[in-house]
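*Asks:* Going down the list, the protein sequences come from chains W and U.
According to this note's numbering, the first sequence is numbered sequentially starting from 374.
According to this note's numbering, the second sequence is numbered sequentially starting from 1210.
All C-beta atoms, glycine included, are put in the ideal place defined by N, C-alpha and C.
Okay, here's the structure, questions in a sec.
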Amino acid sequence: AQTVTQSQPEMSVQEAETVTLSCTYDTSENNYYLFWYKQPPSRQMILVIRQEAYKQQNATENRFSVNFQKAAKSFSLKISDSQLGDTAMYFCAFSPFGNEKLTFGTGTRLTIIP
Amino acid sequence: GAGVSQSPSNKVTEKGKDVELRCDPISGHTALYWYRQSLGQGLEFLIYFQGNSAPDKSGLPSDRFSAERTGGSVSTLTIQRTQQEDSAVYLCASSQGVYRAPYGYTFGSGTRLTVV
């Protein structure tokens, strides 16, 4: 069984600053995917970024980037130049290759302060 | 449709009543998933459909929970004899298929169920 741990229940940062959200996971799988999802008050889960475990290069999507450390089973999300619209719950998630189920962490509530 | 549609958006029910939650996936998406999000928790997998069949229903918490999908499209999650611990947000997602799921999950906005 896989587990995903997010150790920061809440974080806040000033607008335009950089913030890093932590995620660790535990699995015996060698091939898998990792994700960060954003959940604003509208409740809809929005995919922010994904990483294939077989790729050594860290994924980047505009202001969002990850630090993927496979040996350490760590997958942190960095948000640069934070904006008010980044305020949301952020969930880290894991999926083994070829398996449709996502295992989620308990989330980090991020607040961007004007 | 353009997105995954769930109804109702909010539902308040009395303990012991049955409820039905509906999910209308993106047209052409063959895979459909139900997750539950309890207060302060992450999302918990409930059941997965590929077409009209459910290869994995291991996350359903009890026999009071059931789900079906018809015509490879709309899915209904039914909770019988609701209990207060069933209060949660129920999220539905769809994708183009099992091996593309990690790339193609689209979530709906969920149904917030409150059992009083």
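1. Exposed or buried, which one is Ala432 of chain W when buried takes at least 16 other CB atoms within 10 Å?
2. So that I know if they touch, is there some Cβ in chain W lying closer than 8 Å to that of Phe1316 of chain U?
3. Please look up how many angstroms separate the CB atoms of Tyr405 of chain W and Pro469 of chain W, rounded, as I've assumed it's under 8 Å.
4. Quick check on Phe477 of chain W - is its C-beta less than 8 Å from some C-beta in chain U?
5. Take Gln381 of chain W and list the residues in its own chain whose beta-carbon comes closer than 8 Å to its own, dropping the five residues that flank it on each side.
6. Might you give, ordered along the chain, the residues of its own chain that have their beta carbon closer than 7 Å to the beta carbon of Leu1300 of chain U, omitting 5 neighbours on each side?
7. Report back the beta-carbon spacing between Val377 of chain W and Ile485 of chain W to the nearest angstrom; my notes put them in contact at under 8 Å.
8. Give the single residue among W:Arg423, W:Met384, W:Pro413 and W:Ile419 whose Cα lies nearest to the Cα of Phe448 of chain W.
9. So, for Gln379 of chain W: in the same chain, excluding its five sequence neighbours on each side, which residues have a beta-carbon less than 7 Å away from its beta-carbon?
10. Rounded to a whole number of angstroms, what is the C-alpha to C-alpha distance between Pro413 of chain W and Asp459 of chain W?
11. Taking Cβ to Cβ, would you say Tyr410 of chain W is nearer than 8 Å to Val392 of chain W?
12. CA-CA distance, Cys1232 of chain U and Gln1215 of chain U?
13. Between Ala1263 of chain U and the rest of its own chain, which residues show a CB-CB distance below 6 Å, the 5 nearest in sequence each way excluded?
14. So, under 8 Å CB-CB, Arg1290 of chain U and Arg1273 of chain U are touching, yes? Tell me the CB distance rounded to an integer number of Å.
15. Using only the alpha-carbon positions, how far apart do Leu407 of chain W and Ala374 of chain W sit?
*Replies:* Reading it off the structure:
1. Taking the first residue of the first sequence as 1, we reach residue 432 of chain W at position 59. So Ala432 of chain W counts as buried.
2. As a working note, residue 1316 of chain U is residue 107 in the second sequence. At least one chain W Cβ lies under 8 Å of Phe1316 of chain U.
3. Residue numbering aside, residue 405 of chain W sits at position 32 when the first sequence is read from its first letter. Residue numbering aside, residue 469 of chain W sits at position 96 when the first sequence is read from its first letter. Contact holds; Cβ gap of about 5 Å.
4. In the first sequence, counting from the first residue as 1, residue 477 of chain W sits at position 104. Judged by the 8 Å Cβ criterion, Phe477 of chain W is in contact with chain U.
5. As a first step, residue 381 of chain W must be located in the first sequence, where it is residue number 8. These residues qualify, in order along the chain: Leu394, Ser395 and Thr481.
6. Taking the first residue of the second sequence as position 1, residue 1300 of chain U is located at position 91. The answer, listed in chain order, is Tyr1244, Gln1246, Leu1252, Phe1316, Gly1317 and Gly1319.
7. Reading the first sequence from its first residue, position 4 is the one you call residue 377 of chain W. Reading the first sequence from its first residue, position 112 is the one you call residue 485 of chain W. 24 Å between Cβ atoms; not a contact.
8. Counting from 1 along the first sequence, the entry for residue 448 of chain W is found at position 75. Among W:Arg423, W:Met384, W:Pro413 and W:Ile419, the Cα nearest to that of Phe448 of chain W belongs to W:Arg423.
9. Residue numbering aside, residue 379 of chain W sits at position 6 when the first sequence is read from its first letter. Within the same chain, Gln379 of chain W has close Cβ partners Ser395, Cys396, Cys465, Gly478, Thr479, Gly480 and Thr481.
10. The sequence position of residue 413 of chain W within the first sequence is 40, counting from 1. The sequence position of residue 459 of chain W within the first sequence is 86, counting from 1. Cα to Cα, Pro413 of chain W sits roughly 8 Å from Asp459 of chain W.
11. As a first step, residue 410 of chain W must be located in the first sequence, where it is residue number 37. As a first step, residue 392 of chain W must be located in the first sequence, where it is residue number 19. No, these two residues do not count as a Cβ contact at 8 Å.
12. Locating residue 1232 of chain U in the second sequence gives position 23, where the first residue counts as 1. Locating residue 1215 of chain U in the second sequence gives position 6, where the first residue counts as 1. The straight-line gap from Cα to Cα measures roughly 5 Å.
13. As a position in the second sequence, residue 1263 of chain U is number 54, starting the count at 1. So the list reads Ile1256, once near-sequence residues are dropped.
14. Your numbering for residue 1290 of chain U matches position 81 in the second sequence. Your numbering for residue 1273 of chain U matches position 64 in the second sequence. The pair is a contact, with the Cβ atoms about 6 Å apart (cut-off 8 Å).
15. Taking the first sequence and counting its residues from 1, the one referred to as residue 407 of chain W is at position 34. Taking the first sequence and counting its residues from 1, the one referred to as residue 374 of chain W is at position 1. Looking at the two C-alpha atoms, the distance is approximately 15 Å.
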